[in-house]
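Student: Mapping of the sequence shown onto my numbering: residues 2 to 312, in sequence order. Glycine included, each C-beta is placed from N, C-alpha and C at the ideal position. Take a look at the following structure, please.
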Amino acid sequence: MPVTKNSAAVAERHQELVSISDGIATVEIAPAAGGALASYRWRQNGSVVDWLRPADQAAIDSRDAGAMACFPLVPYSNRIRGGRFAFAGRTVELPTSPEDPHHEHGHGWRRPWTVVRHEASTTLLSYRHAADSWPWSYEARQAISLVDGGLIIALSLRNLSDMPMPAGFGLHPYFPSTPWTHVQAQVSGMWETDAEILPTRHVLPPAGSNPTTGFDVSETDFDTVFTGWTRRARISWPERGRQLDIEAEAPLDFLVLYTPPGEPFFCAEPVSNITDAFNRTGEAGIDTGCIVLAPGQMRSASVRFTPSQAA
């Protein structure tokens with residue numbers, strides 16, 4: 002049968018995604034879209050449960066990592082004020098624009114990743130960055146696996162340059178938000194921010210961060226870095242009888258919560274650094290989470306997402 006333009010377009014869209022499955026869960030990955038996950042879902046008894054916000058076809062076609070289910074944050078999380086900082090006597094100036102004035106989230110989500118290995122229930126992706134306005138070369142890797150319906154993402158960052166490199170990393174997952182969505186996470190502090198969502202003052206967290214009671218997503222308006230995180234969080238959708246536990250490894254010691262009012266999603270991001278960490282490193286009494294990788298050095302951490310559903 003001849004290949005029509007329409008069937009060729011469908012085939013091309015399918016090639017945009019790499020799928021893994023363990024018989025309980027399926028994950029679709031879009032390597033060309035910043036190494037992002039397009040979906041993480043269970044199919045049971047004819048029903049579909051999306052544990053992360055699924056990407057629509059428009060996001061897949063346009064390779065829009067920001068509209069995906071989850072994307073990697075390398076070589077740092079969140080914003081750098083004006084895209085500019087000084088390190089080891091060098092001033093670094095990253096490209097900015099009116100839409101991206103602080104070069105948010107680094108490079109990984111902006112560039113295609115390479116599939117290094119693809120098996121039934123695991124995929125290994127790699128992104129190599131050659132020094133440019135960011136004057137260090139590095140390699141990031143994501144090992145994405147499914148085990149008994151749970152999702153594990155192991156993220157690593159290696160300095161390939163011949164001089165020390167400031168660094169950070171993490172994940173930016175999007176979760177479905179409903180009127181009853183609830184989050185529990187034990188933290189000890191948080192960063193207040195200015196109008197550009199850059200940190201101004203470290204303060205005690207709101208009362209709703211109590212690990213026993215937590216808070217309802219629909220009643221908050223966070224775009225906030227929380228500190229003292231125990232690297233454990235629980236998201237529940239009580240009206241649907243579902244919950245999802247997040248367990249992260251060090252150095253992902255900070256939790257960014259983004260809960261935009263009125264949106265059908267929110268974010269709970271395990272990350273290794275505070276916003277604008279490189280500009281605040283060295284300030285007395287502040288733990289920025291900034292990592293300095295020696296030449297050839299690597300840091301890594303895993304995040305495990307464990308869903309459960311009421312019978």
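What residue does the beta strand (DSSP E) around Arg313 start on, and which one ends it?
Tutor: Beyond the ends of the chain as shown, which are 2 and 312, falls residue 313; an answer cannot be given.
Student: Tell me the rounded alpha-carbon separation between Val304 and Ile61.
Tutor: Each residue's alpha carbon lies about 24 angstroms from the other.
Student: With a Cβ-Cβ cutoff of 8 angstroms, do Met166 and Tyr128 count as a contact?
Tutor: no
Student: Assuming the contact rule is C-beta atoms closer than 8 angstroms, Phe176 and Arg54 should be a hit. Round their C-beta distance to whole Å, please.
Tutor: At roughly 6 angstroms, the Cβ-Cβ gap stays under 8 angstroms, so Phe176 and Arg54 are in contact.
Student: Pick from His119, Gly90, Pro76: whose alpha carbon is nearest that of Arg112?
Tutor: For Arg112, the closest C-alpha among the options His119, Gly90, Pro76 is that of Pro76.
Student: Using alpha carbons as the reference points, say which of Trp114, Asn280, Ser122, Ala285 lies closest to Glu94.
Tutor: Asn280
Student: With Ile30 and Ile153 assumed to form a contact (beta carbons below 8 angstroms), what rounded beta-carbon distance in angstroms separates them?
Tutor: In fact, because the Cβ distance is near 13 angstroms, the residues do not count as touching under 8 angstroms.
Student: Does the region 287-302 come close enough to the region 157-164 that 3 or more CB-CB pairs lie under 8 angstroms?
Tutor: Two segments are said to touch when three or more pairs of C-beta atoms, one from each, lie closer than 8 angstroms; by this definition the region 157-164 touches the region 287-302.
Student: Cα separation between Ser219 and Ala141?
Tutor: 35 angstroms
Student: Taking contact to mean 3 or more Cβ pairs, one atom from each stretch, closer than 8 angstroms, check whether the region 194-207 and the region 232-243 are in contact.
Tutor: Between the region 194-207 and the region 232-243 there are fewer than three C-beta pairs closer than 8 angstroms, too few to call the two in contact.
Student: What does the Cβ neighbour count give for Ser189, buried or exposed, with the cut at 16 atoms within 10 Å?
Tutor: exposed
Student: Checking the sheet assignment: what are the DSSP bridge partners for Pro271?
Tutor: In the DSSP secondary-structure assignment, Pro271 is bridged to Leu256.
Student: Whose C-alpha, out of Pro207, Arg85, Leu18, Thr225, is nearest the C-alpha of Asp101?
Tutor: The residue with the shortest Cα to Cα distance from Asp101 is Arg85.
Student: May I ask you to report which of helix, strand or coil DSSP gives His15?
Tutor: With a pLDDT of 43 at His15, under the threshold of 50, the predicted position of this residue should be treated as unreliable, though the coordinate-derived value follows. In the structure shown, the three-state DSSP call for His15 is helix.
Student: Provide the residue(s) that pair with Met69 in DSSP beta bridges, ordered along the chain.
Tutor: Under DSSP, Met69 forms no beta bridge with any residue.
Student: State yes or no: is the C-beta of Ala39 within less than 8 angstroms of the C-beta of Ala56?
Tutor: yes
Student: Counting along the chain, where does the alpha helix (DSSP H) carrying Ala278 start and finish?
Tutor: 278-281
Student: Where does the unbroken alpha helix (DSSP H) through Ser309 begin, and where does it stop?
Tutor: In the DSSP assignment, Ser309 falls outside any alpha helix (DSSP H) and within the unbroken beta strand (DSSP E) covering 299-310.
Student: Quick check on DSSP: helix, strand or coil for Glu240?
Tutor: helix
Student: By a C-beta neighbour count over all protein chains shown, 10 Å radius and 16 as the cutoff for buried, is Gln327 buried or exposed?
Tutor: Examination of residue 327 is not possible in this model, given that the chain is present from 2 through 312 alone.
Student: Under 7 angstroms Cβ to Cβ from His1, same chain only, skipping five residues before and after it: list those, please.
Tutor: Nothing about residue 1 can be read from this structure; the chain reaches only from 2 to 312.
Student: Could you name the residues of the same chain whose beta carbon sits closer than 8 angstroms to that of Ala295, not counting the 5 residues immediately before and after it, in chain order?
Tutor: Asn160, Pro165
Student: Assuming Ala39 is part of the beta strand (DSSP E), what are its boundary residues?
Tutor: Judged by DSSP secondary structure, Ala39 falls within the beta strand (DSSP E) whose first and last residues are 37-45.
Student: Rounded to the nearest angstrom, what separates Met2 and Ala121 at their Cα positions?
Tutor: With a pLDDT of only 39 at Met2, under 50, the local geometry of the prediction cannot be trusted, and the value read off the model is given with reservation. Approximately 30 angstroms, taken between the alpha carbons.
Student: Between which residues of its own chain and Leu147 is the CB-CB distance below 7 angstroms, once the five residues before and five after are set aside?
Tutor: Residues of the same chain with a CB within less than 7 angstroms of the CB of Leu147, apart from the 5 flanking positions on each side, are Ile21, Ser22, Asp23, Ala26, Val28, Ser122 in chain order.
Student: On the criterion of 16 or more Cβ atoms from any shown chain inside 10 Å, does Ala87 qualify as buried, or is it exposed?
Tutor: exposed
Student: Buried or exposed: Pro174, going by 16 or more other Cβ atoms within 10 Å of its Cβ?
Tutor: Flag for Pro174 reads buried.
Student: How would you write the range of the alpha helix (DSSP H) that Ala60 sits in, first residue to last?
Tutor: 58-63
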